[in-house]
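Sequences listed follow chains A and B, in order. Positions in the first sequence are counted from 1; adding 8 to them yields the numbering used here. Positions in the second sequence are counted from 1; adding 8 to them yields the numbering used here. Below is one structure, written out as structure tokens; the observations come after it.
Protein chains: 2
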Amino acid sequence: MEIKLKDTFFAPRQAMNIAVTIPSAIKRCEETGRIDAFKLQWKPGSTLPQPHVFWDSDVAKVMEGMAYTAASSPEIAQRLDKLVDLVISAQQKDGYLNTHFTVTETDKRWRELFYKHELYCAGHLTEAAVAHYNATGDKKFLNAIRRYCDYICDVFGPDGKQGYPGHEEIELALVKLYRATGDEKYLRQAKLFIDRRGTSPNYFVTEEKQPEIVLPMFQAHKPVREQTKAVGHAVRALYLYSGMADVAEATGDQELLAACERLFDDLAQNKMFITGGVGSRQIGECIGGAGEQVSERSYAESCAAMALVLFTSRMLKITGKSKYADVMERALYNCAISGLSLSGDRFFYANLHACHRGMECQGHVATERQKWYECSCCPTSYCRFLPQLGNFCFRTGADYLAIDIPAAARIKGDNYEVEIASNYPYSGKVTVRVVRGGNFELKVRIPGWCDKYTLPTTGNLKEAYWTLKKDFADGESFDFDFKMPVETVFTSIPSLASQAALCRGPLVYCVELPLTSEISPFELILTPESTFETFPMDELVPGCVGIRFTAKRLRKPDTLYSTQCARLTDISAVAIPYAFWQNREKTEMTIFMPFYQVR
Amino acid sequence: MEIKLKDTFFAPRQAMNIAVTIPSAIKRCEETGRIDAFKLQWKPGSTLPQPHVFWDSDVAKVMEGMAYTAASSPEIAQRLDKLVDLVISAQQKDGYLNTHFTVTETDKRWRELFYKHELYCAGHLTEAAVAHYNATGDKKFLNAIRRYCDYICDVFGPDGKQGYPGHEEIELALVKLYRATGDEKYLRQAKLFIDRRGTSPNYFVTEEKQPEIVLPMFQAHKPVREQTKAVGHAVRALYLYSGMADVAEATGDQELLAACERLFDDLAQNKMFITGGVGSRQIGECIGGAGEQVSERSYAESCAAMALVLFTSRMLKITGKSKYADVMERALYNCAISGLSLSGDRFFYANLHACHRGMECQGHVATERQKWYECSCCPTSYCRFLPQLGNFCFRTGADYLAIDIPAAARIKGDNYEVEIASNYPYSGKVTVRVVRGGNFELKVRIPGWCDKYTLPTTGNLKEAYWTLKKDFADGESFDFDFKMPVETVFTSIPSLASQAALCRGPLVYCVELPLTSEISPFELILTPESTFETFPMDELVPGCVGIRFTAKRLRKPDTLYSTQCARLTDISAVAIPYAFWQNREKTEMTIFMPFYQVR
Numbered sequence: 009m010e011i012k013l014k015d016t017f018f019a020p021r022q023a024m025n026i027a028v029t030i031p032s033a034i035k036r037c038e039e040t041g042r043i044d045a046f047k048l049q050w051k052p053g054s055t056l057p058q059p060h061v062f063w064d065s066d067v068a069k070v071m072e073g074m075a076y077t078a079a080s081s082p083e084i085a086q087r088l089d090k091l092v093d094l095v096i097s098a099q100q101k102d103g104y105l106n107t108h109f110t111v112t113e114t115d116k117r118w119r120e121l122f123y124k125h126e127l128y129c130a131g132h133l134t135e136a137a138v139a140h141y142n143a144t145g146d147k148k149f150l151n152a153i154r155r156y157c158d159y160i161c162d163v164f165g166p167d168g169k170q171g172y173p174g175h176e177e178i179e180l181a182l183v184k185l186y187r188a189t190g191d192e193k194y195l196r197q198a199k200l201f202i203d204r205r206g207t208s209p210n211y212f213v214t215e216e217k218q219p220e221i222v223l224p225m226f227q228a229h230k231p232v233r234e235q236t237k238a239v240g241h242a243v244r245a246l247y248l249y250s251g252m253a254d255v256a257e258a259t260g261d262q263e264l265l266a267a268c269e270r271l272f273d274d275l276a277q278n279k280m281f282i283t284g285g286v287g288s289r290q291i292g293e294c295i296g297g298a299g300e301q302v303s304e305r306s307y308a309e310s311c312a313a314m315a316l317v318l319f320t321s322r323m324l325k326i327t328g329k330s331k332y333a334d335v336m337e338r339a340l341y342n343c344a345i346s347g348l349s350l351s352g353d354r355f356f357y358a359n360l361h362a363c364h365r366g367m368e369c370q371g372h373v374a375t376e377r378q379k380w381y382e383c384s385c386c387p388t389s390y391c392r393f394l395p396q397l398g399n400f401c402f403r404t405g406a407d408y409l410a411i412d413i414p415a416a417a418r419i420k421g422d423n424y425e426v427e428i429a430s431n432y433p434y435s436g437k438v439t440v441r442v443v444r445g446g447n448f449e450l451k452v453r454i455p456g457w458c459d460k461y462t463l464p465t466t467g468n469l470k471e472a473y474w475t476l477k478k479d480f481a482d483g484e485s486f487d488f489d490f491k492m493p494v495e496t497v498f499t500s501i502p503s504l505a506s507q508a509a510l511c512r513g514p515l516v517y518c519v520e521l522p523l524t525s526e527i528s529p530f531e532l533i534l535t536p537e538s539t540f541e542t543f544p545m546d547e548l549v550p551g552c553v554g555i556r557f558t559a560k561r562l563r564k565p566d567t568l569y570s571t572q573c574a575r576l577t578d579i580s581a582v583a584i585p586y587a588f589w590q591n592r593e594k595t596e597m598t599i600f601m602p603f604y605q606v607r
Numbered sequence: 009m010e011i012k013l014k015d016t017f018f019a020p021r022q023a024m025n026i027a028v029t030i031p032s033a034i035k036r037c038e039e040t041g042r043i044d045a046f047k048l049q050w051k052p053g054s055t056l057p058q059p060h061v062f063w064d065s066d067v068a069k070v071m072e073g074m075a076y077t078a079a080s081s082p083e084i085a086q087r088l089d090k091l092v093d094l095v096i097s098a099q100q101k102d103g104y105l106n107t108h109f110t111v112t113e114t115d116k117r118w119r120e121l122f123y124k125h126e127l128y129c130a131g132h133l134t135e136a137a138v139a140h141y142n143a144t145g146d147k148k149f150l151n152a153i154r155r156y157c158d159y160i161c162d163v164f165g166p167d168g169k170q171g172y173p174g175h176e177e178i179e180l181a182l183v184k185l186y187r188a189t190g191d192e193k194y195l196r197q198a199k200l201f202i203d204r205r206g207t208s209p210n211y212f213v214t215e216e217k218q219p220e221i222v223l224p225m226f227q228a229h230k231p232v233r234e235q236t237k238a239v240g241h242a243v244r245a246l247y248l249y250s251g252m253a254d255v256a257e258a259t260g261d262q263e264l265l266a267a268c269e270r271l272f273d274d275l276a277q278n279k280m281f282i283t284g285g286v287g288s289r290q291i292g293e294c295i296g297g298a299g300e301q302v303s304e305r306s307y308a309e310s311c312a313a314m315a316l317v318l319f320t321s322r323m324l325k326i327t328g329k330s331k332y333a334d335v336m337e338r339a340l341y342n343c344a345i346s347g348l349s350l351s352g353d354r355f356f357y358a359n360l361h362a363c364h365r366g367m368e369c370q371g372h373v374a375t376e377r378q379k380w381y382e383c384s385c386c387p388t389s390y391c392r393f394l395p396q397l398g399n400f401c402f403r404t405g406a407d408y409l410a411i412d413i414p415a416a417a418r419i420k421g422d423n424y425e426v427e428i429a430s431n432y433p434y435s436g437k438v439t440v441r442v443v444r445g446g447n448f449e450l451k452v453r454i455p456g457w458c459d460k461y462t463l464p465t466t467g468n469l470k471e472a473y474w475t476l477k478k479d480f481a482d483g484e485s486f487d488f489d490f491k492m493p494v495e496t497v498f499t500s501i502p503s504l505a506s507q508a509a510l511c512r513g514p515l516v517y518c519v520e521l522p523l524t525s526e527i528s529p530f531e532l533i534l535t536p537e538s539t540f541e542t543f544p545m546d547e548l549v550p551g552c553v554g555i556r557f558t559a560k561r562l563r564k565p566d567t568l569y570s571t572q573c574a575r576l577t578d579i580s581a582v583a584i585p586y587a588f589w590q591n592r593e594k595t596e597m598t599i600f601m602p603f604y605q606v607r
């Protein structure tokens, strides 16, 4: 099965990943010592940089991305091969493979799971090894990682240490390893890690002597099957839920799947930003409570939005329910991409949902894209995330093709070849052409944001999918038109009462104005009389559509507090897709604007 | 000079302080081991609680409050005397007096100033000792603390360690000690601490080896005289500025005073909450940037609002400028009191400016008042803050009386006795009666919030003060009427664009509704047609005035995001003074509401 994206939104990012994002991530990993760390030369007193607990994961994620793209780039393929050899060279006799604990804190192996990212790094190495094997057919990395995971299964097996990761990730990685090798041991270990989590007495509290630990932060406050609220560290949570979904799928565990659905529902119905961002709290990088999505204080880590895509794409695949596609799409076109600059080499770690000139930066929250972060999970996540975009848009099998997101693409299977022509996400007009026919089921999702649409006269509507199963002839084509008006979107989030965001299709728009502008985006007021028109903004991004709208302007008071309120004046303004903000000069930005519900 | 408050806002809090707040603080200090810590019995392996770096300050602040109130309570006076003996018993031969560093980290004395609160605790002990001496005339505590401060002056004198506190406080305390003893050494040391701060090479970076330290957090990024922006930890900043003001006053240092004014202006014009709260960021308890006052994420530590009163009352005293009185009054009637329950024994550490049912609590941010905090600076600050309220309302001297805040009170001086009759802050009608006449200058401030007022026909208006200097006869009285309509107050804070708060006189109002209410405060919309009427709310607080107002209700959407917007309906609602929120059942609360500027 081969998926080739040809759209203007995702495809250029994939090309940029190969040309810029991956090479620059390799460079940063070299410069910071992350790659040389695998030479294991650091010693106390050494002038070399000391390997950090999460460094291996950064290199592993870049390698995973390199594996996905190796077929299109001989340079990347060669470089990856060398990196694989280097990483393998760091493996210990017993199979252990972790730069930090091999050269520093050598007495701490498996002893501070709650915070030290040890199993997390193992998980990312495993994902990289599986990707490398799938891409090359070469088993050298896979076999090395199997040895490592065999060792992990020994240490943490049913009769071993009863621990589980403080930062989830290895659960889903072990399921990948099981799928790549067919060895059920890895699946059993993934299930063990998941089912142990949060049981009493708590491993972190008792074995690792952390009486003060805030267990919900680690999703370890109760067994995962009993959890109903999405809580704690956002990326940890979403990696866990993804692993739970994988185990549920592989074992047919309906109870575990039901827990996944409950946790998704809580997240999607109460705690998600309009952009698919997750994480309302900077402290602890936490999901936060229901309705706590404060625009100016959004954390909404890029990794968390990408992880939401990982989780929802799994749930979509397992259940076929369109609610997962709706949230996946929301994240894909907005917060999961907004963290990456159009140039491919600058990043937001946290994604603000409102930004003004007075805001101070703190920690991972920046008002301008950064070249790198010391904690570089987000930049390296993009390396592996972008190549998978096609897999999120389409579910493919020998006898079916589900088009969840109708981005322009060519999909070549054993039994069919299909071409999707569209300007999605900027237009809802979509033509699906069967280039090479065959007997299969074709499904096209009616997006959750879409109220009005026209479908081909053939086919059936099954829930949110237009469905047609038949022996397709070569050249048959099907036209869809998902009407894409500009919508004003309201929210139950208390801090955004009587405010509205402009959305069009799957895109969330924002207003950004340069710091030099006399007008602030925070002075714009929407009313029921506001009108909207779309126009091409190719100079921002080829293919991009902007929104010009009429609004009122309410000048902000001259003083911090004032009994004087300015008079409204008429104004027109431009909104651009949120995903593209802060790619020009430094700006102020807002997604939501006050909306006067008065006629 | 004797000031006796008789109003319904402050005076009951003072009585409650003696009856409840101080006794309960003593109890908590006992229960937690803070008082027994002065017995110095803790040892490694001991089952006793280990003295924390800031514990001494908690006990010292309660003792300071006890000293201020000892005259009205024999129990407090007796208890204080015993506490003084206990504290003195912990003093070392060299004068050193700190429970933490005497029994734990004994090798760290004066070595981690940047973070370990050592000089901060010394400052609070000094303030307590001066208060004890002033209250009792007994020098035992004062002399012990002099020995401690003499030792500090030796260690940190001109030729000694070039360090300064990581948490400011001792600067202002040393000026108090100078005033109590007349020994200029203490003033010189205060000035030294202030002028060393932020000089290069930086002491924390080089001497204490903190290359990663965020210096603005500690106001140590540049010399204080060159600082123009109020930055960093809010309480640290305001204690520093207070000490700077004290030194400027005592030495006539105009450059230092100018720095204080610049820092005040930045804070008051850009970074203060409408309630006089300071601190927009929970991380680092920081002031935050200009316009970062996000209601739902306000930190606005109670101690910071009290510290703003300490700073502005000093600046007012030195300069006589009413802008300081305006901000002082704003803090006094709102955020500096909101942290204390009406029952006197429950506290907010952080003061939220909006609170809804979905909000999670984290760290010091609570949605319900707490009995105590492990870091208990705020509860203990109230013990010493409340007795000083009269000193913030009035500036008194042998030949002058400035009424900055016309709370009902009796002020007895050597040359005059004055009675202020008012229902301030609920009414602007004020009568100042000279009970016992004499030759002095009487000044009455025209509050900054007041646009319309009537003054006595005699007297002159000098800037914002009605002024009359003469030989007053017994019984002369002067009537003032500061009109106090309900005002809608707007702000330039971006997150509050097109929103308004209801204020009346110095009081900021909020809407709070119980969690059981079908209506949420976040559904209320103000319009230019909104009408306001005041009514007595004695059942909430005797004397209290509520505001009943008409508004629109905009039901929040049923789902997190929705293209559907409800229709406005008419509603009437009640606002109460912000200072009194969350004293009944658990509620949702907001100060600002969307305001539709449409006619």
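The beta carbon of each residue, even a glycine, is placed where N, CA and C say it ideally should be. Since we're looking at a predicted model, the values are computed, not measured.
The Cβ atoms of L121(B) and G174(B) sit closer than 8 Å to each other. Contact annotation for S528(A) against chain B: P502 and A505 [CB-CB distance below 9 Å, chain order]. CA-CA distance, F149(B) to V373(B), rounds to 36 Å.
The distance from the Cβ of T558(B) to that of Y604(B) is about 13 Å, inconsistent with a contact at the 8 Å cut-off. Take the alpha-carbon of E126(A) and the one of L105(A): they are about 10 Å apart. Here DSSP, grouped into helix, strand and coil, assigns A410(B) to strand. Taking 8 Å as the cut-off, the beta carbon of A181(A) is found no closer than this to the beta carbon of A242(A). In the three-state DSSP reduction, G131(A) falls in the helix class (H, G or I). In the same chain as E376(A), and ignoring 5 residues on each side of it, the C-beta atoms closer than 7 Å to its own belong to Q590 and K594, in chain order. With a cutoff of 8 Å on beta-carbon distance, W63(B) and R42(B) are scored as near each other.
Using a CB distance below 8 Å, the part of the segment 566 to 580 of chain A facing chain B consists of D566, T567, L568, Y569, S570, T571, Q572, C573, A574, R575 and L576, ordered along the chain. The continuous stretches of alpha helix (DSSP H) do not include V519(A), which lies in the beta strand (DSSP E) extending over residues L515 to P522. Taking C-alpha positions only, A481(A) is separated from I428(A) by approximately 16 Å. Restricting attention to Q197(B), Y156(B) and A152(B), the CA atom closest to the CA of Y172(B) is found in Q197(B). DSSP, read as helix, strand or coil, puts I419(B) in strand. In the DSSP assignment, K478(A) is bridged to F448(A).
In the displayed model, E425(B) falls within a strand according to three-state DSSP. Within chain B, the residues A505, S506 and Q605 have their CB atoms less than 8 Å from the CB of L562(A), given in chain order. Legend: CB atoms of the segment 314 to 330 of chain A lying less than 8 Å from CB atoms of chain B are not found in any residue. By the rule that beta-carbons nearer than 8 Å mark a contact, A362(B) touches chain A.
Contacts with chain B at 8 Å (Cβ-Cβ) include Q370(A).
Proximity of N278(B) to chain A, defined by a Cβ-Cβ separation below 8 Å, is satisfied. Between the alpha carbons of E234(A) and S208(A) lies a distance of about 13 Å. Within the DSSP bridge table, the entry for P544(A) names V553(A) as partners.
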